[in-house]
Amino acid sequence: MTPLSRARSRLPLLIFLTPILLWLLLLIVLPHFDLLRMSFRVENNSGDMVWSANNYLEFFREPIYWLTFTRTAVYAVIVTVLTLCIAFPVAFYITKVAPPRFKGFFSLLLLMPFWVSELVRIYGWMILLRESGVINHFLVAWGILQQPVELLYNDIAMIMGLVYTSMLFMVVPLLSVLDSLDDSLIEAAYDLGSNSATIVRSIIIPHAMPGIASGSIVVFMLSLGNYLTPNLMGGKNSLWFTEQIYNQFIASFNWNQGSAFGFLLLVISSLIIFIGLKLTNQQLSRVIR
Amino acid sequence: MIRSLPVSASYSVGFKIYIGLFFFFLFAPLLVTCVLAFNDSMFPALPWKGFSLDWFVADGPERIGIFHDQINLASIWVSVKTAFFVTILSTVVGTCGAFLFEQEEFRFKQFLYFLMLAPLVIPGVILGISILLFSNTLGLFFENRFNLDIGLLRPGFWLVVFGQFSFITTLVTLIVSARLKKFDYTLEEAALNLGANRFQVIVFITLRFLKPAIVGAMAVAFLMSFENFNTTLFLVGSDATLPINLYLQVRDGSTPVINAISFLLIIGTSTLALVNLFVQKNKSD
Amino acid sequence: MDVDLSVEKLSKHFKEFTAVDNVSFDVERGNFFSILGPSGCGKTTLLRMIAGFEEPSEGTIRIRGRDMASVAPNRRPVNLIFQHLALFPMMNVAENIGFGLARRNESKAEINKKVGDILERVNLPGFESKKIHQLSGGQMQRVAIARSLVLDPTVLLLDEPLGALDLKLREQMKIELKRLQEQVGTTFVYITHDQSEALVMSDYVAVMNEGKFEQIDTPQKLYARPTSPFVARFVGNNNRLLGKVMKSSGGLTELATPNGDKIRAATQLNVTPGSRAELFIRPESIIIEPGELPDLNRLQVVVGSVLFDGANSQLLARSGDADEELLISLPQNRQFDHIRAGDHIEIGWDVSAGNCFVMS
């Protein structure tokens, strides 16, 4: 090896590797080990910290905890499916149906709302939906309602808010995956006598699978871990699991219980993502861009 | 079905209505927020009582516009500072990551790559609490062992920066990697062949090729940091960032000053994003 | 004559595969030297070793007598035109061409002048501020050549640079490249799998196969007197006849084909009777209906098909029940217009026209 090629293979590796290792070790790996460790620590009667699985047992003993947990997971799945169903036709329209010269414009229009903070977007929904909100104002003004009703602070409003917040993360992968689908495949299928349903089932969906999987994983993960939207749009009854974690950490100051909850959330989200990948036969590294 | 295939009129019209409704759904909350920022009213609600710039410029005693609202202005400044440091840090480390995973070969590369992707699938709340726990553990360790009180490890500005950095770096790595994947390595060889040394090759060829992606990644990093709520919630100290500050106000009842801030945010982020988009377009030509 | 590039016993082994096997050659100053071989024969590896991108396993490379072993690629007095040109897409034409000059810390004015001159030379005057993606295929080609030539390299290496062009442009660039090389007088080492490129442009051609050089010669000799069956088959079209050596004396060898035809061929050395041999004969060496011409090998053949292709028209014909059909040039001088598929005709060729090799 010449000095050049030796320098080429060793020094850059060290320069690039060091910051990455520091980042992943100090901010990802060790904190999560600490989370796991804390979740197994409990204060005993004499005020000392001891090892125990009590935090996890507590989760199963208190129905409010595991019910909230199940409810959160189920709702996150519902949000994911709804987002997919709404986003797919939109992505299809933009890439395959709309005149090509509008493609850039539509994509831009689609991304615009998501450059704005989630908080601003949720705030917009709040002033639309609440009892003194804009929708109620019009409904009363047009005589459809006698009295304003509270449209906010219910499960439907919360799910809609989550779908709205997550939309971008479903649309973008779908756009890119549908854009890469060659029109002539659809034309060929049509030419060979398929109807629209067959084309969607046998050509479009299989081709779009990586995008569907990638969008679904991100949307599911973001919904499951969302705090803002359930808290502001679901109100007191939102019963979202992240709120339980927040309460343990900030309100009750019981970090050990909160750690156990956090770890459970991490496990369920990893588990569902894993199952999703297996079912759709995708790989994580392929799915993420 | 698609452009080139014949479709029925109802399919075509139905599809257009659906797309129209979708975009209405997308923009309605933002439009309402912006419009109500200019309503001459004490509440962010209809009826319309006339146009007013009070929620931007008024200076008490009844109404305090955003330009005189010290608390909100302070939180905007905190957010800008946070986003600045997060952008710098994550761009440097993320670019290193892109080079590492695209150009270098080493043992456990697959494993490390997987670990690098992890922050994308870890809920932000979990990232927040685990970093809070770990910094607390570290802080206690330093205090008990060396009798050192390290302010950096307590909830506050720097912990927020590190918390946001922990997952934004993954995004930067992915954005820069995507461009580096398209890099033609014969360009490096060509530059070497024309007499450039390794350092000059990286500066003149590789980084110059990556520039649009790096600029784009910086814009994304800045926006993601500026807007982050979930991770920040657990790490924030006495200096609240704008999203945290807004959240507290929205939760406890709101005034149109929030609409005014939202209006400025919408204009600001859209401008930044649009400028970024045009820069990208020109660069990639 | 001065030798610009001297390669001695050069080899390159990858894990279980030898890409370049004990290759030696010299290139004289100002020569256009081509290395011709099928894809995968090791010619690109050889070129990359000269440029410094691959480390030789054995052997030495000298440029103007200087050993290149410890010289980094960015310090070698050679420049390479890459197969896909490797023009820097983020720079304009002038920045591309000036890149190497700027690395030598030449002044701005100097660089501008040299860039202008070289653009003039490659027929692209005033193209300085053009973007790379605005150029046509042929223009990119010329910019790539200008970018290397402006550095005044001792040896210019070219890695199949015409491969990506369409046929017509390729023909035109062949001529242009040859003329440019004659003008600037730089030593060119050109690798290609296209025999026509090698034959048209080169002073010398090396035919490479499976990591080894089969023959180094002028294009004319390579075509007329190949020294190995591989060269005979690879360069130009050739007919191959198998036979057994009946007798061999005085540079004349007589073969018997499996059909029973007797064929004489000139050989350099006498060969042992009884060994098997192959004879190569070019389609254009074969005369149709030769009449009374002396010293010919003659065969009676049946025309299989007439392949009309203008000046390149050919006949496919078979002698008896031979396996392989013979390819025969069909001159378009109306003399042979009567020939149809199925006709019995006589063909012949000069005894000295064929090339005979003994098979091991």
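Residue numbers (our numbering), protein chains in the order written: chain X, 1 to 289; chain F, 1001 to 1285; chain V, 2001 to 2360.
Backbone N, C-alpha and C define an ideal beta-carbon position, used for all residues, glycine too.
The model shown is predicted, which means the values in this text are computed figures rather than measured ones.
For Phe105 of chain X, no chain F residue has a Cβ inside 8 Å of its Cβ, as the nearest lies near 11 Å away. With contacts defined as CB atoms closer than 8 Å, Ser1225 of chain F and Val1121 of chain F fail to qualify as a contacting pair. According to DSSP, Cys2356 of chain V shares a beta bridge with V:Leu2279. With a cutoff of 8 Å on beta-carbon distance, Trp2349 of chain V and Leu2296 of chain V are scored as near each other. Secondary structure at Ser1008 of chain F: coil, using DSSP grouped into helix, strand and coil. In the structure shown, Tyr2190 of chain V adopts extended strand secondary structure according to DSSP, grouped into three states. For the set X:Val219, X:Phe138 and X:Tyr65, the Cα lying nearest the Cα of Ile78 of chain X is the one of X:Val219. In its chain, beyond the 5 residues on either side, Ala1058 and Val1257 have a beta carbon closer than 8 Å to the beta carbon of Ile1064 of chain F. The segment 258-266 of chain X makes contact with the segment 235-245 of chain X: 3 or more CB pairs, one atom from each, lie closer than 8 Å.
Here DSSP, grouped into helix, strand and coil, assigns Gln2215 of chain V to strand. If you ignore the 5 residues before and after Val163 of chain X, its C-beta comes within less than 8 Å of the C-beta of Val79, Leu82, Thr83 and Ile86, all in its own chain and listed in chain order.
Taking a Cβ-Cβ cut-off of 7 Å, the neighbours of Gly1097 of chain F in chain X comprise Ile20, given in sequence order.
Counting only Cβ-Cβ distances below 7 Å, Pro2073 of chain V has contacts in chain F at Leu1192 and Asn1193, in chain order.
His2344 of chain V is outside the set of residues whose beta carbon lies under 8 Å from a beta carbon in chain F. Residues of the segment 2131-2164 of chain V whose Cβ lies closer than 8 Å to any Cβ of chain F, in chain order: Lys2131, His2133, Arg2147, Ser2148 and Leu2151. Less than 8 Å divides the Cβ of Glu187 of chain X from the Cβ of Leu1005 of chain F. Ranked by Cα distance from Asp2217 of chain V, the options V:Gln2134, V:Val2020, V:Ala2198 and V:Gln2083 are led by V:Ala2198. Residues of chain F whose Cβ lies closer than 7 Å to the Cβ of Thr242 of chain X are, in chain order, Val1125. As the crow flies, the alpha-carbon of Arg41 of chain X is around 16 Å from that of Ile1129 of chain F. If you draw a straight line from the Cα of Arg1145 of chain F to the Cα of Ala1217 of chain F, it comes to about 40 Å. Along the length of the segment 11-85 of chain X, whole beta strand (DSSP E) runs at least 3 residues long occupy 41-43 and 49-51, reported in chain order. Residue nearest to Asp2343 of chain V within the set V:Pro2331, V:Gln2300, V:Asn2333 and V:Ser2057 is V:Gln2300 (criterion: CA-CA distance). Contact between the segment 2250-2265 of chain V and the segment 2309-2323 of chain V is present, with at least three C-beta pairs closer than 8 Å. Rounded to the nearest angstrom, the gap between the Cα atoms of Met170 of chain X and Arg2147 of chain V is 46 Å.
Annotation: the segment 1209-1236 of chain F contains the following complete segments of the alpha helix (DSSP H) (minimum length 4 residues), in chain order: 1232-1235. According to the DSSP assignment, Gln2314 of chain V belongs to the beta strand (DSSP E) that extends over Gln2314 to Arg2318. For Asn2079 of chain V, the enclosing beta strand (DSSP E) begins and ends at Val2078 to Ile2081. Take the alpha-carbon of Val120 of chain X and the one of Gln248 of chain X: they are about 27 Å apart.
Counting the other Cβ atoms within 10 Å of the Cβ of Asn1147 of chain F gives fewer than 16, which makes it exposed. In this structure Met209 of chain X is in contact with Thr280 of chain X, their Cβ atoms being roughly 6 Å apart against a cut-off of 8 Å.
Taking 8 Å as the cut-off, the beta carbon of Leu1180 of chain F is found no closer than this to the beta carbon of Ala1219 of chain F.
A contact between stretches requires three or more CB pairs, one per stretch, nearer than 8 Å, and the segment 2048-2055 of chain V fails this requirement with the segment 2117-2129 of chain V.
Close to Tyr1185 of chain F, with beta-carbon spacing below 7 Å, lies no residue of chain X; the smallest spacing is near 12 Å. Per DSSP, the unbroken beta strand (DSSP E) holding Trp2349 of chain V starts and ends at His2344 to Asp2350.
Annotation: Lys2113 of chain V to Met2090 of chain V spans about 22 Å, alpha carbon to alpha carbon. The C-beta distance from Ile2132 of chain V to Leu2180 of chain V rounds to 20 Å, too long to meet the 8 Å contact threshold.
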